[in-house]
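Numbering (the working numbering), first residue to last: 5 to 140.
Heads up, the beta-carbon is just placed ideally off N, CA and C, and yes, glycines get one too.
This report concerns only the one structure given below.
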Ligand SMILES: [Zn+2]
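Next comes the structure, spelled out in structure tokens:
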């Protein structure tokens, strides 16, 4: 196996703030009033640390409900809802609405030509079967 066969993991650098203790710059560790006679000062540092992107994605997938709620709260993002197709299936006319979100897509199918309960699909294959008139 040569070097090109190895896939390099994609990393993202993120700030990781934490409190650090440093030697007092006033008395150089000899204890003074500034460092309250400890010889040290507590400071906030924020080094950037590399995190493999796969870990971030794993976190998002495992916490999808909280992540989605935060995205809506902080950025105002909501799932995209749009009509993708109006189709004639068997003897009826149906509107196919796609809902796209971070968690994936699903479809709501509404009958347009007469009153009927909406249908919900979470799999493309099931939707395709319905469109081909296999289910009713
Ligand atoms: Zn000091």
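Measuring C-alpha to C-alpha distances from residue 41 to each of 74, 28, 79 identifies 28 as the nearest. Under the three-state reduction of DSSP output, residue 136 falls in the coil class, being neither helix nor strand. Counting only the Cα atoms, residue 124 lies some 23 angstroms from residue 81. Residue 115 and residue 96 have their C-alpha atoms some 7 angstroms from each other. Cα atoms of residue 84 and residue 48: separation of roughly 40 angstroms, rounded to the nearest angstrom.
Put simply, of 107, 14, 53, 38 the residue whose alpha carbon is nearest the alpha carbon of residue 20 is 53. Rounded to the nearest whole angstrom, the CA to CA distance from residue 51 to residue 90 is 53 angstroms.
In this structure, the CA atom of residue 18 is about 25 angstroms from the CA atom of residue 45. When DSSP states are grouped into helix, strand and coil, residue 106 belongs to the coil group.
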